[in-house]
Amino acid sequence: MRIATYNVEWFDALFDDDGQLHNDNGWSARHDVTRADQTAALGIVFTALDADAVMVIEAPDSHSHRDGVRALETFAHTFDLRARKAIIGFVNDTQQEIALLYDPDVLQARHDPLGEETGLKGARGAPRFDGTFRIDLDIDAREDKVRFSKPPLEISAQLASGRKFRLIGAHLKSKAPHGAETQQDVLRLSIANRRKQLAQAIWLRARMDHHLEKKESLIVLGDLNDGPGLDEYEDLFGRSSVEIVLGCDQGPRMFDPHAARALSKRLGAYPTTARFFLTKEARFLQALLDYVMLSPDLMRFSPEWRIWHPFDDPACWRTPELRQALLTASDHFPVTLDIDL
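According to the working numbering, the residues represented by the sequence shown are 374 to 714, in order.
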């Protein structure tokens, strides 16, 4: 089967309040891309992926006036996708949900959040992802309270064969120093955001340990907004969010070959999954941000990973329609896992 993660930049802007596609010549939220062009590009990419399940990062918004599930299922119906049923977990106020789009003929899936419900008071350990995590972020003997802006999506899945496994879709908080006006503000906010992101990674890893200790099959996938050597603040804290989630220092270690390659060498080329234009520098920056991590027991099922990069993946490069669609659809590229379950 094929499982994918795909961060779709401002997917929400392609739908009206009834969950129907605009699909017109109005501008999308992507720079210099119309809604019709982005919609068509996404149709090409999702069709090419032909995945049994896609963890959609930055999925359409869900709240009292918008229904992200309806929007995703409308999109799937429009392009006749096998992955046509959607699940959204705890909704958030960022207009960027985490959702699973899957083929109900291949697997059954349900939102299955674990952990203590904390409200604002918080708890240590691994509280439910819509709650509050208490942790001392700056070693001042005083606990800080951390919340996810985008709570991870916990899925209990079962194949027609009866095999069960867990999926956790994650989108960790960006470290960008929004609101900074001076260099001192940039430094202060960047360090504070890095601390919060590492706390979220610790929280996520604590939940993962719960499953790994029970020998449950686990796949953690999504945009960790972090990667080895991504910025200078990693050296300040000694490790990246990716290393924490992988379990590089304790417990059963998860595996992602792209993360492993990047961690093995700080200099030189390594895979990338996202491409951003830096206006001030008039060039593109590429980064490894998206991952599909497997628990040790799943490594025996012949897993194969692929980054659908328009320039680095030979098949994508040789297919002009797909290559252009990948560039038009989002600033991230899909990552797929083919595994014989």
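Note that beta-carbon positions come from the ideal geometry of N, C-alpha and C, so glycine has one too.
For residue i and residue j, I'd like the C-alpha separation in whole angstroms.
i: ALA698; j: ARG497; result: 44 angstroms
i: ASP582; j: GLN623; result: 10 angstroms
i: ARG443; j: ASP453; result: 15 angstroms
i: GLN481; j: GLY595; result: 20 angstroms
i: LEU387; j: THR412; result: 7 angstroms
i: THR652; j: HIS404; result: 12 angstroms
i: LEU445; j: PRO433; result: 7 angstroms
i: VAL665; j: VAL593; result: 6 angstroms
i: LEU710; j: PRO486; result: 23 angstroms
i: ARG539; j: ASP425; result: 15 angstroms
i: ARG567; j: ASP390; result: 35 angstroms
i: TRP383; j: ALA414; result: 14 angstroms
i: SER349; j: HIS584; result: Any question about residue 349 goes unanswered here, given that the chain covers just 374 to 714.
i: PRO524; j: LEU510; result: 19 angstroms
i: ILE335; j: LEU560; result: Any question about residue 335 goes unanswered here, given that the chain covers just 374 to 714.
i: LEU422; j: ILE461; result: 21 angstroms
i: ASP713; j: ARG679; result: 15 angstroms
i: ALA702; j: VAL406; result: 9 angstroms
Which residues share a DSSP beta bridge with residue i?
i: PHE463; result: For PHE463, which the question treats as bridged, DSSP gives no partner whatsoever.
i: TRP678; result: LEU710
i: ARG539; result: SER529 and LEU591
i: ARG656; result: LEU651
i: ASN380; result: ILE430
i: HIS705; result: ALA647
i: LYS494; result: Looking at the DSSP assignment, LYS494 forms no beta bridge with any residue, so it has no partner.
i: ARG375; result: ASP711
Which two residues bound the contiguous beta strand (DSSP E) that contains residue i?
i: ASP596; result: 591-596
i: LEU480; result: 480-484
i: PHE506; result: 506-508
i: GLU372; result: Here the chain has residues from 374 to 714 only, and residue 372 is not among them.
i: LEU667; result: 663-667
i: ASP517; result: 517-519
Considering only the alpha carbon of each residue, which of the options lies closest to residue i?
i: HIS436; options: ASP385, HIS404, LEU422 and GLU586; result: ASP385
i: ILE575; options: PRO500, ILE564 and LEU636; result: PRO500
i: LEU344; options: LEU532, ARG567 and ASP517; result: Past the boundaries of the shown model lies residue 344; the chain is included only from 374 to 714, so the question cannot be answered.
i: LEU526; options: PHE706, VAL708, TYR664 and ARG483; result: ARG483
i: GLY504; options: LEU510, PHE521 and ARG515; result: PHE521
i: PRO625; options: THR491, HIS450, LYS523 and ASP670; result: ASP670
i: PRO683; options: ASP478, ILE460 and GLN659; result: GLN659
i: ALA635; options: PRO477, PHE628 and TYR643; result: TYR643
i: VAL427; options: ARG375, LYS546, THR701 and GLY495; result: ARG375
i: VAL464; options: ASN396, ALA456, ALA543 and GLU489; result: ALA543
Considering just the uninterrupted stretch of the alpha helix (DSSP H) at residue i, what are its terminal residues?
i: ALA409; result: 408-422
i: PRO687; result: 687-690
i: GLY441; result: 441-451
i: LEU636; result: 630-637
i: LEU619; result: 614-619
Counting C-beta neighbours from all protein chains within 10 Å, is the total for residue i 16 or more, i.e. buried, or is it exposed?
i: THR467; result: exposed
i: GLY535; result: exposed
i: SER668; result: buried
i: PRO687; result: exposed
i: ASN598; result: buried
i: TRP681; result: buried
i: SER614; result: buried
i: HIS438; result: exposed
i: SER675; result: exposed
i: GLN469; result: buried
i: PHE448; result: buried
Please confirm if residue i has its CB atom under 7 angstroms from at least one CB of chain D.
i: VAL464; result: Annotation note: the requested chain D is absent from the structure, which comprises a single protein chain.
Is the closest heavy atom of the ligand ZN to the C-beta of residue i under 6 angstroms?
i: ARG580; result: As for the ligand ZN, it is missing from this structure, which has no ligand bound.
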